[in-house]
Each structure stands twice: as structure tokens, then as C-alpha cells.
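*Asks:*
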Amino acid sequence: MKVAITSTGNGPDNKIDTRFGRCSYFVIYDTESNSTEYIPNPTKESIEGAGPAAVEFVASKGVKKVISGEFGAKVKPIFDQLSIQLVVINDPEKSISDIISLLNQ
Amino acid sequence: MARPKRIRRVTNPPHYIGFKPIGDSENNHPIVMNYEEYQAIRLNDFELYSQLVASGIMGVSRPTYTRIYESARRKVAQAFVNGQPIVFEGGKVYFDSDWYKCNHCGCYFNHPEKNRNLTKCALCSSENIGQLINNQEGEIEDVCVCPWCGLESINTHGTPCHEETCPDCNCRMIHKANLNNSEETIIKKKQ
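First to last, the protein sequences are chains A and B.
Just so you know, we're using my numbering here: the first sequence kicks off at 1 and counts up by one.
Just so you know, we're using my numbering here: the second sequence kicks off at 1 and counts up by one.
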């Protein structure tokens, strides 16, 4: 299963990005092959509608679970329709490697 | 033209598509029950909420909720008496999933695949999870406007706007969605 995590940078030591639509990087982590991929967020600089565009981008990668600090009101119903699970982490100090090790428990 | 229906919030849609009477029945024409009607019966007769609370959960006014509930009960009665099947389909609704909290890692997560039971945390797979109740985000806009001066105030759920008066010009308030063109021009003329 593929999981998307919002990240502030493109390395495993970087911290989780607390925003979803305007995060810096998406980390696509595959739980089966244990592979990670860092993709810069193409919608980061958009003026309007960054959230729904980011949903489309993440869904096109075949992700089934998204981990971030917060999800906006526009984004939640779209994820519900696509039956993608949302996970909210309230701790902005958590790093990407911490989250991946939690996922593997 | 009638005002468009407000979209109803449904938190727990049924896990099955309908009901069928046992034994032979002559009338096999199914009764279509909307998701909002199912939700009304669930909130009122299963969760035992009052109609005022239940209407707040669904994001409609209290009288509208009563109309939905009435229609739902009539459909159930019709199906029971005539031995007709019931199918759940349609309705002006949006689905909002339930949210859970993990007591082990402290994260929050939702559960979009409602036909599967949830036992583990989505992040750390711990079984120490609890459901978040009364997570009323995305509240509907419920604003009363004065048709003369345009003063806006938040409507308290359960009391209609026309029972409130504007403190400045002492006239009856009106719901923002009902503010039609003629009244908008009144405000513009005033300005």
C-alpha cells in the first residue's frame, strides 16, 4: 500500500509539513517494497485551489493513505469520495523517518 | 423558482443496499429511501437524539428535518404494510466520515471505508483507539441579515430569523439565503 506524507524537505530527517495543499514535498512511501520517493509539490505556489489540485496529484500516484498536520475543509470531502484515509499528526517535530518507522510497527 | 435544497450531512451510511420481506409478496416494486431519510431514522430512533440536535448534525433546519423524518417513516410503513422491498439510494447528501484518535501515538485519523470495521490505528497499528464524538467541523453558514441596513448576525439553531429584530432599525431579520434581488436593491438604495 502506498502512503503519502507531507514533508518540509527532501530527506528522511526533514520534519512533517503541517499544511497539506501547500507543503514543500510529498513523500510517497510504499509499505510493500519499503521504497520512498520525494516529489516536490507542484501546487505549492498556486494562488487558489492548492488543496484540491494536491488531492488530484496525490490520488494519481495511487496513494491509499495521506499523513499531514492538517486538512482543509475543501479537501476532506474529495478524499472521502476517493476513499483515501486521512491521518492528522499534531506534533510538528516528527520527522519523516519517525513516521515511516511508526507505519512499520 | 424554489430555493435549492441544502446539502445534508450523512455520517454513517448503511452498509447494505436494502431490505427484502421474507416469504412471497405480490408487490416487488422497491421503495427508494434516500440516505438522508435513513440518517434521520438512525439519529432519531436509534441514537435517540432530539430533532433539534439531529437537525444540527445533518446541517438542515429543524422543520426541514421533521419533513425528512416524516417522509422516512411513511416509506417504512408503506414497505411493511405492502411487503415491498426497500433500497437505499440517492438524496442530496454528502458523506462525512467519522474520526478516531489513537491513544498510543496521539494522531487523529478517519475511516473512509465504512463497510469494513476499524480495529487498528492507521499509523502505528495500536489497538488503543477511541472515536471522536461531536467533531462538528465545517459548520453550515447560518446567518440572518437585516433587509434595511444589511447588518448580519449568526442565527441560533432552532429559532427562525424572522423572529429576531434588527437592533438598529427595529425591523424583522431575514435569512441570508432568502435575501432575494428586490431586497438587495433596498440595501443598495439605502447606501
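Glycine included, every Cβ here is placed at the ideal spot set by N, Cα and C.
Can you confirm whether B:HIS157, when its beta carbon is compared against all beta carbons of chain A, has any partner nearer than 8 Å?
*Replies:* Answer no: the Cβ-Cβ gap between B:HIS157 and chain A never drops below 8 Å.
*Asks:* B:CYS171: buried (16+ other C-beta within 10 angstroms of its C-beta) or exposed?
*Replies:* Exposed, by the Cβ-count rule.
*Asks:* Among B:ARG73, B:GLY106, B:PRO160, B:ASP142, which has the Cα closest to the Cα of B:GLN39?
*Replies:* Comparing Cα-Cα distances from B:GLN39 to each of B:ARG73, B:GLY106, B:PRO160, B:ASP142, the minimum goes to B:ARG73.
*Asks:* Quick one, which residues of the stretch 103 to 123 of chain B are near chain A if we go by CB-CB under 8 Å, in chain order?
*Replies:* From the stretch 103 to 123 of chain B, only CYS105, GLY106, CYS107, TYR108, PHE109, ASN110, HIS111, PRO112, GLU113, ALA122, LEU123 have a Cβ closer than 8 Å to chain A.
*Asks:* Give the interface partners of A:ASP91 over in chain B, defined as CB-CB distance under 8 Å, in chain order.
*Replies:* Within 8 Å Cβ-Cβ: GLY106.
*Asks:* Using the three-state DSSP reduction, which class does A:PRO40 fall into: helix, strand or coil?
*Replies:* A:PRO40 falls in the strand class under three-state DSSP.
*Asks:* Mind checking which residues open and close the alpha helix (DSSP H) that includes B:GLN39?
*Replies:* Residues 35 to 41.
*Asks:* What would DSSP say about A:GLN105, mapped onto helix, strand or coil?
*Replies:* Coil at A:GLN105, not helix or strand.
*Asks:* Kindly say whether B:PHE88, judged by its beta-carbon, lies nearer than 8 Å to any beta-carbon of chain A.
*Replies:* B:PHE88 does not count as touching chain A.
*Asks:* Whole angstroms is fine: what's the gap from B:ILE129's alpha carbon to B:ARG6's?
*Replies:* Their Cα atoms are separated by approximately 34 Å.
*Asks:* For the stretch 37 to 80 of chain B, list the alpha helix (DSSP H) runs that are entirely contained and at least 4 residues long, ordered along the chain.
*Replies:* Listed in chain order, the complete alpha helix (DSSP H) runs (minimum 4 residues) inside the stretch 37 to 80 of chain B are 51 to 58.
*Asks:* Please work out which residues of its chain come closer than 6 Å, Cβ to Cβ, to A:ALA50, disregarding the five sequence neighbours upstream and downstream, and give them in chain order.
*Replies:* Only GLY21, ARG22, THR43 meet the Cβ criterion.
*Asks:* Measure from the alpha carbon of A:GLN69 to the alpha carbon of each residue in A:SER24, A:MET1, A:LYS2, then state which is nearest.
*Replies:* Checking the displayed sequence, the identity of residue 69 of chain A turns out to be Gly instead of Gln. Considering only alpha carbons, the answer is A:SER24.
*Asks:* For B:SER50, count the other beta carbons within 10 Å of its own beta carbon; 16 or more makes it buried, fewer makes it exposed. Which is it?
*Replies:* When all chains shown are included, B:SER50 counts as exposed.
*Asks:* Should B:TYR38 be flagged as near chain A, meaning a C-beta pair shorter than 8 Å?
*Replies:* It does not: the Cβ of B:TYR38 has no partner Cβ on chain A nearer than 8 Å.
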